[in-house]
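Asker: Line by line, the protein sequences are chains F and H.
Read in full-length UniProt numbering, the first sequence has 299 at position 299, and its numbers run on one by one without any break.
Read in full-length UniProt numbering, the second sequence has 10 at position 10, and its numbers run on one by one without any break.
Yeah, the Cβ is synthetic: ideal placement off N, Cα and C, and Gly gets one too.
Note that this is a predicted model, so its numbers are computed, not measured.
Number of protein chains: 2
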Amino acid sequence: MSREADVIVVGAGLSGLIAAREVLAAGLEPLVLEADERVGGRILTEEALPGVHLELGAQWIGDTHHRMEALAGELGIELYPQFEEGETSYELDGRVLRGEAFHSAYGEDMAGVERVLRTLDRMAAEVSAEQPWAAPHADEWDRITVGQWYDAQGLSPIARSMLEICTVGILAVPTVEVSLLGLLVNVVSCGVSADLLSESEGGAQTRRFIGGTSQIPLRLAAALGERVVLRSPVLQIEHAPDQVTVTCRGGLVARGRRVVVALAPTLAGRIMYDPPLPGQRDQLTQRMPQASALKAFAIYDEPFWRADGLNGQLISAPGPARMSNDSGMPEDSGGPGIILAFLEGESARVAGAWPQAQRQDALRAELGRHFGPRAAQPDLIVEGAWVERQWTRGCYNANPGPCGWIHFGQALTAPIGPISWAATETAAAWSGYMEGAVEAGQRAAREVIEVLT
Amino acid sequence: MSREADVIVVGAGLSGLIAAREVLAAGLEPLVLEADERVGGRILTEEALPGVHLELGAQWIGDTHHRMEALAGELGIELYPQFEEGETSYELDGRVLRGEAFHSAYGEDMAGVERVLRTLDRMAAEVSAEQPWAAPHADEWDRITVGQWYDAQGLSPIARSMLEICTVGILAVPTVEVSLLGLLVNVVSCGVSADLLSESEGGAQTRRFIGGTSQIPLRLAAALGERVVLRSPVLQIEHAPDQVTVTCRGGLVARGRRVVVALAPTLAGRIMYDPPLPGQRDQLTQRMPQASALKAFAIYDEPFWRADGLNGQLISAPGPARMSNDSGMPEDSGGPGIILAFLEGESARVAGAWPQAQRQDALRAELGRHFGPRAAQPDLIVEGAWVERQWTRGCYNANPGPCGWIHFGQALTAPIGPISWAATETAAAWSGYMEGAVEAGQRAAREVIEVLT
C-alpha cells in the first residue's frame, strides 16, 4: 500500500504517460496513478465489430502535429488519411442542400464567414498562447463572449449560424460561454482560424491511426510496466519543497520528490492539497469547466454515400447532430461505412438528456435527410458520452468563461512548490488536442527533470 | 474512528447547522462533519479589540429576513440597526462629491439607473427562483451577460459605472461573468431590485447582531454538542438507496441513512461520490464558481465622519474599495469608529493580489479622499479575504455563467438518492444571504425527515 518514486504522475491520460516516459528517459523513476481501470483518459477506442475501431474520444491528428506523428512512428503505429472526397450536405435554411448548390445559393453569406475568420486571425496575431493576458486588447476581449462578438459582426443569419456551428465544433459549448480572448487563444494555439473553425477543421483532422488511437496510451503504459497503477483515484496531495505524499482511494500512498498533475483543471481542483493551493489557482480551476460533447457512430454495411458524391459531412442547424463526417476505415480495407455524428455544446446537453431511443430516432431521421433513406437505417449506433464518465466529466477540453484568462490565467501552468501541471488544457500549442497533451506532458517533465537531475 | 447517525450533515456553516437542528428536533440523530477547526463557514466574527466585533463574513440581516430574526430571538441574540444617517460620498467622475452635490449634478444619470432597476423588476416578475429555466424568456436571458445587457440600456457613463459598482456589490464578480437570468434570479430571490442593487442595499443590510454573528453558529453547535465533529474534511460519500458512508480525511467514517451536503456547489463537487453523480449535476458544480470579495475594516478612535454629516458610505469608480459603510458598534456603546471597505469582483482580484502594504496604502488614500485626512490614518486595518480559505474558496456566494441556469439549473437542489443539498446557493428566498442558508437548511432537513419519519 506504499510506493516510492522520484516523480508521481497523477493521471494516465496521454499527457501523464508522456510526462512519465520523459522522466524515465532522464534516468528518474516515475509512478503513474490512474483513477480509472484503464489508461488513455480522453482516448478510447472501441472495437464495435471485429476490425472496426471507433474512436469514442480523440480520433485525428493534423498535418502539423509533429509530436504525435513522431510518437506514432516510434510506437510503430501507422496512419491513414481522413476520407474527404465529395460534397458536404448543408441544412441551414430549412432545406437540405449539397455543397455546390449551397455555396452558389449562399456564396455571399460564406464570404461573411471568411471575413470574420480573417478578422480573428488578425486579432490572434497579437495574442500569445503562453500569456494571453498580456495581449494589448486582452482586457477588452476577455470581457465579451464569442457569441456577443459574432452577433456584432454584421453577418447574415445563415453566416452567423454557420459560424456558431463550426465554433461549437471546437469549443463544445455555446459561444456565449467563452470569451473572445478565449477563442483567440484556441486560434493562436492551433495556427490559423481556418484550421480550426472552417467546416472541415482541415488542419486539425487529417489523419487517423490504423488499429485505433488507444494503441498509443496502451503502448506507452506497457513500456512503463508496473510504474502505472490503475484504479487509484487520488484524494490528497501533501507537499513540501522537495517532497510529495499522494494518497489514493483504497489506501495506496505514493511518496516522491515531485508530482505532475496531468488532469483537466476542473479535476485537478478536486484533489485536497496540503498545504492548500493559492487562491488564484483555486479560483481558476473553479472556472474551467469541461465542455459538452457526445459522439454517435452510425454503422452501415458500406459507405454508400461515397458513390453518391458525398463526403459524409453534414452541417445542420436543427440537429441533433450539427456536424458529421465519414469515419470509415482505410479505403482499401473493404470495411463498413461509418458516419460519425457530433453532438456538441447545447445539442450534447439537450439531446444527450433524452432517452436513448428518442435521441437515436432523431439522429436516424437527420442522417436520412442528408444521406438518403439508407442512412436512416444504420445497422448499429454506438455513442460515446463523456460527461457521465467520472474520471473525465466532459469533452473535448476546457475554456474559462469571461475574465478567466485576464484574472486567473497565470495560474494555469505555473508550478506550485513541487507540483507541476500537465494535460492538454495547459499546452501552448494545439491545446485541446492530443498534440497539446504531448507538449504539456513534455513541458511538465522538463520542469521536474531540470530540478531533479 | 467510526460514527453512526440517521443523517450525516457535511459542513457546519449556518445551513448545515440548521439542517442538523431540524433533524434533531424531528427525533432523528444528526452528525455534522466540518472540515475546518471552527463552525460557521462564511460567518466569522473577529474581536479585533476588546468588545469590538468585526464581521469578516456575514454581517447583516434585512427587514424581511424573518427566519434569521426568529433564530436570533430563539438564541437570545439582540439586534441593532445599521448606522445610515448622513450623506454618501461619490467618486465617479474624477471628483469626490457628497450626496446632495452628486445628485444635483447627476440627477439625470441616476434616473437612468432607476429606470434600469424598474426594468429588472418587470423582467424578474416572470422569473421564479425555484425554476428560473422555466421563465418565458429564460433561454434569451441566460445567453447574455449582465454587463452586455447593461451596456445596451442607453445609460450615461456615470450611470453605467454606478450600476456596475452596485451590482458587483452583490455578485462580487464583474457583471460580464453572470447571465442576465442569473441576476434576475438574485433579484426575485430577494424581493425587488432596489433592495439589492441600490447604493445602500437597503433591504438586505439593515440590522446586525450585538456581540457578533458568530454567536449564531456557535450556539447552534453548542446545542448539538458532540454531534458536531471539527477538522473532518469529507473526501468521499458512498451511497445506496437508504444508506450513506461518509469518509473523512484522518480516517473518520460516518454511516447514516441520509446525507445533507451543506457546502457551496463548487466545494460539494470536490467530494468523490460512489456511485458517481449524474453528469448534469457534475457539470453544474463545474460552473458555479465562488465569487471574489475582500472586506477591509479601518478602525479609528471614534466615528468622526458622523459629526461631519457623512454616513461612512462611499461609491468609488477608481477604488480600490468600490463601496464602504459605517460598521461601528451600536451608537450608544461609545465604541470606536469603523469603516468597512468592500473590495469586490475585479478589485478583490487585482488589489487582493498586491502586497498588503500597497493595498492598505491605496485604501488609506481612498478613505482620506472621501472622509478627510483623519480617515487616512486608521489605528488599524483588519482584512477578511475568503479566496485563500481552503474550506470556503470565495465569497459571498456563487452564480453560474451564461447557459448555466437553463442547461444545468435543475440539478442545483434535486436530491440524488439519499443525498440532499443545502447551502445558501440552493435557497429560493434570499439566496446568498444568511436568510437563504437557513431556508435551504430547513428545506433539506424536510426532505430527509419526510422519508425517515
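What does a CB cutoff of less than 8 Å around A376 (chain F) pick up in its chain, not counting 5 residues either side in sequence?
Answerer: Counting from 1 along the first sequence, the entry for residue 376 (chain F) is found at position 376. Only R364, A365, L367 and G368 meet the Cβ criterion.
Asker: Using a Cβ cut-off of 8 Å (strictly closer), state whether P136 (chain F) contacts chain H.
Answerer: Working through the first sequence from its first residue, we reach residue 136 (chain F) at position 136. It does not; no Cβ of chain H falls within 8 Å.
Asker: From H:D274, H:V52, H:W133 and H:V9, pick the residue whose C-alpha is nearest to that of G334 (chain H); which is it?
Answerer: The count along the second sequence starts at 1 and reaches residue 334 (chain H) at position 334. It is H:V52 whose Cα lies nearest to the Cα of G334 (chain H).
Asker: Identify the residues that DSSP records as bridge partners of H53 (chain F): which are they?
Answerer: To locate residue 53 (chain F), count along the first sequence from 1; it is residue 53. Beta-bridge annotation (DSSP): H53 (chain F) is paired with F:E47.
Asker: Could you work out which residue in H:Q356, H:N399 and H:I315 is closest to E87 (chain H) when comparing CA atoms only?
Answerer: The sequence position of residue 87 (chain H) within the second sequence is 87, counting from 1. Checking every option, the nearest Cα to that of E87 (chain H) belongs to H:I315.
Asker: Under the rule that 16 or more other beta-carbon atoms within 10 Å means buried, what is E302 (chain F), buried or exposed?
Answerer: The sequence position of residue 302 (chain F) within the first sequence is 302, counting from 1. E302 (chain F) is exposed by the Cβ-count criterion.
Asker: Just to confirm my understanding: we take T64 (chain F), look at its own chain, exclude 5 residues before and 5 after, and list those with CB closer than 7 Å. What are they?
Answerer: For the purposes of this step, residue 64 (chain F) is taken as the residue at position 64 of the first sequence. Excluding sequence neighbours, T64 (chain F) sits near G191 and G203.
Asker: Could you check whether F83 (chain F) and N311 (chain F) sit closer than 8 Å to each other, using their CB atoms as the reference points?
Answerer: Locating residue 311 (chain F) in the first sequence gives position 311, counting from the first residue. Locating residue 83 (chain F) in the first sequence gives position 83, counting from the first residue. Cβ atoms of N311 (chain F) and F83 (chain F): closer than 8 Å.
Asker: Shorter than 8 Å from the beta carbon of V387 (chain F) to some beta carbon of chain H?
Answerer: Here residue 387 (chain F) corresponds to residue number 387 of the first sequence, with the count starting at 1. By this cut-off, V387 (chain F) is an interface position.
Asker: Taking only beta-carbon atoms, is A411 (chain F) less than 8 Å away from chain H?
Answerer: If you number the first sequence from 1, residue 411 (chain F) lands on position 411. So, not an interface residue.
Asker: Which whole-angstrom value is the C-beta distance of M288 (chain F) and G169 (chain F), which I expect to be below 8 Å?
Answerer: Counting from one through the first sequence, the residue named residue 288 (chain F) turns up at place 288. Counting from one through the first sequence, the residue named residue 169 (chain F) turns up at place 169. That pair is no contact at about 20 Å.
Asker: Are L14 (chain F) and I210 (chain F) closer than 8 Å when you measure CB to CB?
Answerer: On the first sequence, residue 14 (chain F) is found 14 positions in, with the first residue counted as 1. On the first sequence, residue 210 (chain F) is found 210 positions in, with the first residue counted as 1. In this structure, I210 (chain F) does not lie closer than 8 Å to L14 (chain F) by Cβ.
Asker: By the DSSP assignment, the alpha helix (DSSP H) with F102 (chain H) in it spans what residues?
Answerer: The residue you call residue 102 (chain H) lines up with position 102 of the second sequence. G99 to A105 is the extent of the alpha helix (DSSP H) around F102 (chain H).
Asker: Alpha carbon to alpha carbon, what distance is there between L263 (chain F) and A58 (chain F)?
Answerer: Here residue 58 (chain F) corresponds to residue number 58 of the first sequence, with the count starting at 1. Here residue 263 (chain F) corresponds to residue number 263 of the first sequence, with the count starting at 1. Rounded to whole angstroms, A58 (chain F) to L263 (chain F) spans 16 Å at the Cα level.
Asker: Buried or exposed: where does R118 (chain H) fall if 16 or more other Cβ atoms within 10 Å of its Cβ makes it buried?
Answerer: Numbered from its first residue, the second sequence carries residue 118 (chain H) at position 118. Exposed.
Asker: In whole angstroms, give me the CA-to-CA distance for P320 (chain H) and L44 (chain H).
Answerer: Walking along the second sequence from the start, residue 320 (chain H) turns up at place 320. Walking along the second sequence from the start, residue 44 (chain H) turns up at place 44. Rounded to whole angstroms, P320 (chain H) to L44 (chain H) spans 23 Å at the Cα level.
Asker: Which first and last residues belong to the beta strand (DSSP E) in which C166 (chain H) is found?
Answerer: The residue given as residue 166 (chain H) occupies position 166 in the second sequence. It is not in any beta strand (DSSP E) - C166 (chain H) instead sits in the alpha helix (DSSP H) that spans P157 to L171.
Asker: Starting from Y300 (chain F) and walking both ways along the beta strand (DSSP E), at which residues does that stretch end?
Answerer: In the first sequence, counting from the first residue as 1, residue 300 (chain F) sits at position 300. Run containing Y300 (chain F): A293 to Y300, per the beta strand (DSSP E) assignment.
Asker: Output the distance between the C-alpha atoms of I158 (chain H) and Y106 (chain H), rounded to the nearest integer angstrom.
Answerer: Walking along the second sequence from the start, residue 158 (chain H) turns up at place 158. Walking along the second sequence from the start, residue 106 (chain H) turns up at place 106. Between I158 (chain H) and Y106 (chain H), the C-alpha separation is close to 8 Å.
Asker: Of the residues that make up the stretch 243 to 258 of chain F, which ones have a beta carbon closer than 8 Å to any beta carbon in chain H?
Answerer: If the cut-off is 8 Å between Cβ atoms, the stretch 243 to 258 of chain F has R249 near chain H.
Asker: Are V32 (chain F) and V228 (chain F) closer than 8 Å when you measure CB to CB?
Answerer: What you label residue 32 (chain F) is simply residue 32 of the first sequence in a count that begins at 1. What you label residue 228 (chain F) is simply residue 228 of the first sequence in a count that begins at 1. In contact: V32 (chain F) and V228 (chain F) (Cβ atoms closer than 8 Å).
Asker: Which stretch, first to last residue, makes up the beta strand (DSSP E) that contains D326 (chain F)?
Answerer: Looking up residue 326 (chain F) in the first sequence gives position 326. Per DSSP, D326 (chain F) belongs to the beta strand (DSSP E) from M323 to D326.
Asker: In chain order, which continuous runs of the beta strand (DSSP E) of length 3 or greater are located wholly inside the stretch 187 to 273 of chain H?
Answerer: 207 to 209, 234 to 240, 243 to 248, 253 to 256 and 258 to 261
Asker: Please report the distance separating the alpha-carbon of W149 (chain H) from that of Y150 (chain F).
Answerer: For this step, residue 149 (chain H) is matched to residue 149 along the second sequence. For this step, residue 150 (chain F) is matched to residue 150 along the first sequence. Looking at the two C-alpha atoms, the distance is approximately 16 Å.
Asker: Between the stretch 426 to 436 of chain F and the stretch 111 to 130 of chain F, do three or more beta carbon pairs fall short of 8 Å?
Answerer: yes
Asker: Can you list, in chain order, the residues of its chain whose CB lies under 6 Å from that of R219 (chain H), leaving out five sequence neighbours each side?
Answerer: To locate residue 219 (chain H), count along the second sequence from 1; it is residue 219. Only L75 meet the Cβ criterion.
Asker: Give, in chain order, every residue of the stretch 140 to 174 of chain H whose Cβ lies closer than 8 Å to some Cβ of chain F.
Answerer: R143, I144, T145, G147, Q148, V173 and P174
Asker: Quick check: the Cα distance between E55 (chain H) and N325 (chain H), rounded to an integer number of angstroms?
Answerer: Translated into positions along the second sequence, residue 55 (chain H) becomes position 55. Translated into positions along the second sequence, residue 325 (chain H) becomes position 325. Going from the Cα of E55 (chain H) to the Cα of N325 (chain H) covers about 13 Å.
Asker: So I406 (chain H) and D36 (chain H) are in contact, right, with Cβ under 8 Å, and what is the actual spacing, rounded?
Answerer: Counted from its first residue, the second sequence places residue 406 (chain H) at position 406. Counted from its first residue, the second sequence places residue 36 (chain H) at position 36. Not confirmed; about 34 Å, so no contact.
Asker: Which full runs of the alpha helix (DSSP H) of 4+ residues lie inside the stretch 71 to 155 of chain H, going along the chain?
Answerer: The qualifying runs are 99 to 105, 107 to 124, 138 to 141 and 146 to 151.
Asker: Establish whether the CB of T266 (chain F) and some CB of chain H are separated by less than 8 Å.
Answerer: For the purposes of this step, residue 266 (chain F) is taken as the residue at position 266 of the first sequence. For T266 (chain F), the answer is yes, since a Cβ of chain H falls inside 8 Å of its Cβ.
Asker: For A293 (chain H), which residues from the same chain have a beta carbon less than 6 Å from its beta carbon, with the 5 sequence-adjacent residues on both sides left out?
Answerer: The sequence position of residue 293 (chain H) within the second sequence is 293, counting from 1. Excluding positions up to five away in sequence, the list reads A172, E344, A348, C395 and Y396.
Asker: Based on the DSSP output, what are the partners of I406 (chain F) in its beta bridges?
Answerer: On the first sequence, residue 406 (chain F) is found 406 positions in, with the first residue counted as 1. Partner(s): none; I406 (chain F) has no beta bridge.
Asker: Under a Cβ-count criterion, where at least 16 other Cβ atoms within 10 Å of its own Cβ denotes burial, should S104 (chain H) be classed as buried or exposed?
Answerer: Position 104 of the second sequence, counting from 1, holds the residue named residue 104 (chain H). Classification for S104 (chain H): exposed.
Asker: Classify L49 (chain H) as buried or exposed, calling it buried when 16 or more other Cβ atoms lie within 10 Å of its own Cβ.
Answerer: The count along the second sequence starts at 1 and reaches residue 49 (chain H) at position 49. Exposed: under 16 other Cβ atoms inside 10 Å.
Asker: Considering only their Cβ atoms, is the gap separating R270 (chain H) from P418 (chain H) smaller than 8 Å?
Answerer: The residue given as residue 418 (chain H) occupies position 418 in the second sequence. The residue given as residue 270 (chain H) occupies position 270 in the second sequence. Not a contact, by the Cβ cut-off of 8 Å.
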